[in-house]
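Asks: Sharing a structure with you now.
4 protein chains.
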Amino acid sequence: MDEKKLLFNNKQDKRLQILAAAAKIFTAKGFHPAKVEEIATAAGVGKGTVYEYFSSKTEVFREMLSYLLEFYKQYFEERLDRSKSVREQLFTIMSTHAHFLKNNKDLFSLILEPHQPIDEETQAWLVAERREILDGLAQIIQTGIERGELKPVNTFVAAQILLGTMISFSGEVFLAKKDWDYQEIINHILEILFQGLEC
Amino acid sequence: MDEKKLLFNNKQDKRLQILAAAAKIFTAKGFHPAKVEEIATAAGVGKGTVYEYFSSKTEVFREMLSYLLEFYKQYFEERLDRSKSVREQLFTIMSTHAHFLKNNKDLFSLILEPHQPIDEETQAWLVAERREILDGLAQIIQTGIERGELKPVNTFVAAQILLGTMISFSGEVFLAKKDWDYQEIINHILEILFQGLEC
Amino acid sequence: MDEKKLLFNNKQDKRLQILAAAAKIFTAKGFHPAKVEEIATAAGVGKGTVYEYFSSKTEVFREMLSYLLEFYKQYFEERLDRSKSVREQLFTIMSTHAHFLKNNKDLFSLILEPHQPIDEETQAWLVAERREILDGLAQIIQTGIERGELKPVNTFVAAQILLGTMISFSGEVFLAKKDWDYQEIINHILEILFQGLEC
Amino acid sequence: MDEKKLLFNNKQDKRLQILAAAAKIFTAKGFHPAKVEEIATAAGVGKGTVYEYFSSKTEVFREMLSYLLEFYKQYFEERLDRSKSVREQLFTIMSTHAHFLKNNKDLFSLILEPHQPIDEETQAWLVAERREILDGLAQIIQTGIERGELKPVNTFVAAQILLGTMISFSGEVFLAKKDWDYQEIINHILEILFQGLEC
DNA sequence: GATGAATGAGAATTCATTCAT
DNA sequence: GATGAATGAATTCTCATTCAT
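Protein chains in written order, with my numbering: chain C, 1 to 199; chain P, 200 to 398; chain W, 399 to 597; chain D, 598 to 796.
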């Protein structure tokens with residue numbers, strides 16, 4: 001099953017065709033170097049058609065991120081079983097994240113990083129989305145503490161560590177090496193995060 | 200002691216004046232939205248003068264990053280005492296990183312993140328620099344393992360966790376809150392990383 | 399009785415609906431700023447339908463002016479009684495003109511002024527129409543002279559004065575003030591034109 | 598002595614070169630059909646240079662009109678002798694107007710007519726300028742009445758007649774016929790306006 | 001060396017017109 | 001006939017770069 005297909009496959013809907021093309025081009029080049037005409041061509045439509053569906057290049061960008069992020073978040077909801085142990089949940093999260101990246105190459109860099117400045121509004125929205133994701137992670141940690149699975153650590157700090165680790169690995173490992181065994185990497189990560197570095 | 204001064208203080212040297220202004224403007228706006236004229240004005244020189252010292256806007260960007268990165272790396276060399284314990288060294292690294300950020304606000308986002316794409320060459324160079332930093336961290340971990348301070352973990356994975364955590368906190372904590380007690384945050388972080396999450 | 403109704407009331411005829419909408423929109427915004435889609439919407443038809451009845455935006459404009467002008471000229475023919483005195487005829491003309499304007503607000507500016515250039519052909523046609531109107535006025539003056547009502551003035555010059563006065567008052571007085579007593583104004587005008595300024 | 602030269606001859610001043618070219622192009626084609634590049638070429642400068650001196654096409658238009666109007670108004674101030682009889686003054690005004698038109702062909706149509714809509718602000722400004730000109734004419738009439746030269750007519754109505762006549766003749770006579778004896782025409786006009794049409 | 005006026009390639013956006021349904 | 005989604009030519013404006021002073 002290919003998520004990219006799931007994500008943007010409805011050929012009937014030109015809006016989605018354009019968003020899919022936008023994701024590809026924006027991801028490869030960033031906001032400013034990406035040209036509207038290029039996106040239009042990649043979407044197989046005329047330049048003017050982009051403006052039938054979106055009022056500006058900025059709106060295309062914003063809508064594309066929004067769509068992607070919804071998809072990303074839903075992706076986790078479907079896979080996450082909160083009755084399992086925290087360690088198992090985190091394994092699922094990292095694994096799902098890696099899987100998502102494999103199928104939506106590079107797209108991730110557009111979501112969780114403090115970005116190339118487009119405009120204040122988009123920036124603020126991205127920061128808020130990031131915060132929401134952090135809160136979700138912190139909540140899982142908190143549950144683990146309450147269940148007695150984890151030490152009573154600062155949940156916000158722990159969430160930051162988790163997210164930072166995921167982002168750091170995103171570019172470096174998951175994307176760089178085509179056929180990396182990410183399950184093993186994730187086990188390494190969780191080993192360190194759960195048992196600690198110290199002897 | 201103000202690092203910004205140290206970093207770009209030679210008023211005689213127009214080249215440095217321009218790099219200092221470039222750091223300020225590029226940091227605030229990103230590569231594309233930053234205008235050469237703006238940088239020139241901020242540097243107190245004429246627009247044409249920028250082209251006396253650099254062949255293009257891209258070169259200004261690249262040189263600025265390079266200069267900044269050298270400074271950043273040297274900053275650590277001066278402060279890092281490899282005879283101390285790994286935990287102490289990591290505390291120094293994180294603390295120095297936070298301190299650097301405080302004094303060179305936002306500059307960091309230009310250094311260690313997979314960037315807004317300028318051009319292939321700059322991109323590749325940044326990836327290499329990032330790798331070098333990771334190697335430095337991995338080396339410290341390795342030393343810790345050899346000395347018996349740390350468990351025999353995968354050093355590359357540990358380095359990624361450390362760097363990811365630093366980056367994640369950079370935007371979120373160090374920069375957002377003006378007068379945050381980062382020493383305490385760093386202790387939280389190291390507590391988790393050394394003792395682990397698990398009970 | 400509402401002339402606007404008379405002018406464009408045949409709801410069955412889409413062509414007239416479009417011309418009516420065109421008159422409204424072109425009048426309010428001028429040729430270039432008026433959008434075909436806007437006219438179509440105002441006419442209650444689809445954009446494509448406009449092109450079923452007219453070959454281009456320019457043709458819509460030309461046809462609209464032509465229709466309007468025919469209506470305008472016929473308007474006078476119906477009201478003008480050439481057996482009356484010239485002064486009475488001119489009063490009727492000015493009064494009818496004012497009345498027409500009240501009911502077809504702003505439309506007039508589209509007719510008698512040297513226009514925003516659409517194309518050579520339309521321009522030339524408008525000049526010819528204007529000339530025809532001048533000739534009509536000159537003819538009335540000529541009749542007055544022959545009847546001994548008027549001094550033997552240059553009829554072309556007199557016609558220009560009359561038309562210029564009407565145009566000048568069109569924008570200034572008739573349209574600007576909603577409920578102006580134009581009968582009184584016209585009497586002032588004719589007083590000056592017939593008795594002269596001089597003591 | 599050539600007024601066009603006086604009007605826009607300072608080759609040193611690129612701003613004026615651009616305004617001169619703008620007057621020529623806008624006059625020939627109207628606001629919308631005139632292209633910025635065309636104006637630039639006519640001014641002998643690059644497209645970008647226009648934007649060094651003006652912030653937008655609209656500003657070029659506005660500035661051009663403003664400059665022209667100042668010149669036009671000053672043109673009269675220099676030629677008008679208020680101690681002379683009103684009839685002589687009006688002869689001077691019409692004659693000067695005709696002369697100005699001869700030397701600044703077509704430019705006039707840009708000044709005193711209710712225009713092709715550019716934007717609200719420019720429109721309002723033009724209306725105000727027109728009003729000012731009308732007030733000046735009314736003032737001359739008023740003086741004539743006070744001096745006993747003229748009948749006690751409504752000065753505003755008389756001013757409208759005068760201005761309407763001038764505008765009407767502008768397009769029709771002064772500009773159309775290259776070598777028309779406008780002095781004779783003006784005498785015809787004043788004859789009618791002063792002695793009246795009636796026997 | 002230093003400057004900033006001049007430039008024109010390039011980009012976002014608009015909108016008259018077409019044409020498949 | 002009627003429609004409006006699709007289109008791309010055309011236009012305004014930006015800005016990195018050049019070069020005469």
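For every residue, glycine included, the Cβ atom is placed at its ideal position computed from N, Cα and C.
Per DSSP, Glu198/C is paired with what?
Replies: Leu349/P
Asks: Can you have a look at Gly343/P and say buried or exposed, based on whether 16 or more other CB atoms are within 10 angstroms of its CB?
Replies: buried
Asks: Taking the continuous alpha helix (DSSP H) assigned at Lys427/W, which residues delimit it?
Replies: 412 to 427
Asks: Under the three-state reduction of DSSP, which class applies to Ala34/C: helix, strand or coil?
Replies: coil
Asks: Between the segment 342 to 367 of chain P and chain C, which residues of the former have a C-beta closer than 8 Å to a C-beta of the latter?
Replies: Within the segment 342 to 367 of chain P, the residues whose Cβ lies closer than 8 Å to some Cβ of chain C are Gly343, Gly347, Glu348, Leu349, Lys350, Val352, Asn353, Val356, Ala357, Gln359, Ile360, Leu362, Gly363, Thr364, Met365, Ile366, Ser367, listed in chain order.
Asks: Is the separation between the beta-carbon of Gln558/W and that of Ser765/D shorter than 8 Å?
Replies: yes
Asks: Got a sec? Which residues, its chain only, sit under 6 Å from Ala220/P by beta carbon, not counting five neighbours each side?
Replies: Ile238, Ala241, Ala242
Asks: Can you pull the chain W neighbours of Asn671/D, defined as C-beta to C-beta under 9 Å?
Replies: First, the residue type needs correcting, since residue 671/D is Gln and not Asn in the sequence shown. Per Cβ cutoff of 9 Å: no residues; Gln671/D is ~23 Å from chain W at best.
Asks: Taking the alpha carbon of Ala214/P as the reference point, which residue from Gly229/P, Phe230/P, Ala233/P, Glu258/P has its own alpha carbon closest?
Replies: It should be noted that the sequence gives Arg, not Ala, for residue 214/P. Ranking Gly229/P, Phe230/P, Ala233/P, Glu258/P by Cα distance to Arg214/P puts Glu258/P first.
Asks: With 8 Å as the threshold, decide whether the Cβ of Glu277/P is near any Cβ in chain C.
Replies: no
Asks: Can you say whether Ala124/C is buried or exposed, counting buried as having 16 or more other CB atoms within 10 angstroms of its CB?
Replies: Label assigned to Ala124/C: exposed.
Asks: Please state if the CB of Met661/D and the CB of Phe628/D are separated by a distance shorter than 8 Å.
Replies: no
Asks: Tell me which same chain residues have a C-beta within less than 7 Å of the C-beta of Asp13/C, skipping the five on either side of it?
Replies: none
Asks: Quick one: which chain D residues come within Cβ less than 7 Å of Gly594/W?
Replies: Going along chain D in sequence order, the residues near Gly594/W (Cβ under 7 Å) are Leu790, Phe791, Gln792, Gly793.
Asks: Between the alpha carbons of Glu450/W and Phe469/W, how many angstroms are there, rounded?
Replies: So the alpha carbons of these two residues sit roughly 24 Å apart.
Asks: Please work out which residues of its chain come closer than 8 Å, Cβ to Cβ, to Asp119/C, disregarding the five sequence neighbours upstream and downstream, and give them in chain order.
Replies: Thr58
Asks: Counting only Cβ-Cβ distances shorter than 9 Å, please list the residues of the segment 422 to 439 of chain W near chain D, keeping chain order.
Replies: Ala426, Lys427, Gly428, Phe429, His430, Pro431
Asks: In terms of residue numbering, what span does the alpha helix (DSSP H) encompassing Ser255/P cover?
Replies: Where Ser255/P is concerned, there is no enclosing alpha helix (DSSP H), given that its DSSP letter is neither H nor E.
Asks: Kindly list, in the order they appear in chain P, the residues whose Cβ is closer than 8 Å to that of Ile140/C.
Replies: Chain P residues near Ile140/C: none, gap ~11 Å exceeds 8 Å.
Asks: Could you give the C-beta distance for Leu794/D and Glu726/D, rounded to a whole number, given that I count them as a contact under 8 Å?
Replies: Their Cβ separation, rounded to whole angstroms, is 31 Å, which puts Leu794/D and Glu726/D out of contact at 8 Å.
Asks: Just tell me which of Leu616/D, Lys748/D, Phe753/D, Cys796/D has its CA closest to the CA of Cys606/W.
Replies: Since the first residue shown for chain W is 399 and the last is 597, residue 606/W is missing from the structure and cannot be characterised.
Asks: Could you check if Gln216/P is buried or exposed, using at least 16 other CB atoms within 10 Å of its CB as the buried criterion?
Replies: buried
Asks: Looking at Arg286/P: is its Cβ nearer than 8 Å to the Cβ of Leu389/P?
Replies: The answer is yes: Cβ separation under 8 Å.
Asks: Taking Ile583/W as the query, report the chain D residues whose CB atoms sit under 7 Å from its CB, ordered along the chain.
Replies: Chain order gives the chain D residues near Ile583/W as Val754, where near means a beta carbon separation below 7 Å.
Asks: At the level of alpha carbons, what is the spacing between Phe355/P and Thr364/P?
Replies: 14 Å
Asks: Given that a residue counts as buried once 16 or more other Cβ atoms are within 10 Å of its Cβ, and exposed if not, what is Gln338/P?
Replies: Taking all protein chains in view, the Cβ of Gln338/P is surrounded by fewer than 16 other Cβ atoms within 10 Å, so the residue is classified as exposed.
Asks: Measuring alpha carbon to alpha carbon, tell me which of Leu560/W, Gly546/W, Glu547/W, Ser454/W ends up nearest Asp533/W.
Replies: For the set Leu560/W, Gly546/W, Glu547/W, Ser454/W, the Cα lying nearest the Cα of Asp533/W is the one of Leu560/W.
Asks: Enumerate in chain order the residues of its own chain whose CB-to-CB distance from Val244/P is below 8 Å, with the five nearest sequence positions on each side excluded.
Replies: Listed in chain order, the non-local C-beta contacts of Val244/P below 8 Å within the same chain comprise Lys213, Gln216, Ile217, local neighbours out to five positions each way being set aside.
Asks: Who are the near neighbours of Phe651/D in its chain, counting only those whose CB is closer than 6 Å to its CB and skipping five residues on each side?
Replies: Val657
Asks: Quick one: is Met282/P buried, meaning 16 or more other Cβ sit within 10 Å of its Cβ, or exposed?
Replies: A small fix is needed here, since residue 282/P is Ser in this sequence, not Met. Its Cβ having fewer than 16 others within 10 Å, Ser282/P is exposed.
Asks: Chain C partners of His296/P, CB-CB under 9 Å?
Replies: Under the 9 Å cutoff, chain C gives no residues; its nearest Cβ is about 13 Å from His296/P.
Asks: Following a CB-centred definition, is Lys283/P positioned closer than 7 Å to any heavy atom of the ligand SAH?
Replies: Ligands are entirely absent from the displayed structure, and the ligand SAH is therefore not among its contents.
Asks: In its own chain, which residues sit with a C-beta less than 7 Å from the C-beta of Glu348/P, not counting the 5 before and 5 after it?
Replies: Closer than 7 Å at the Cβ level, and outside the excluded window around Glu348/P, lie Ser284, Val285.
Asks: List, in chain order, every chain W residue whose beta-carbon is nearer than 7 Å to that of Ile786/D.
Replies: Val555, Ile559
Asks: Report the option in Phe290/P, Ser369/P, Glu236/P whose CA atom is closest to the CA atom of Ile385/P.
Replies: With distances taken between Cα atoms, Ile385/P lies closest to Phe290/P.
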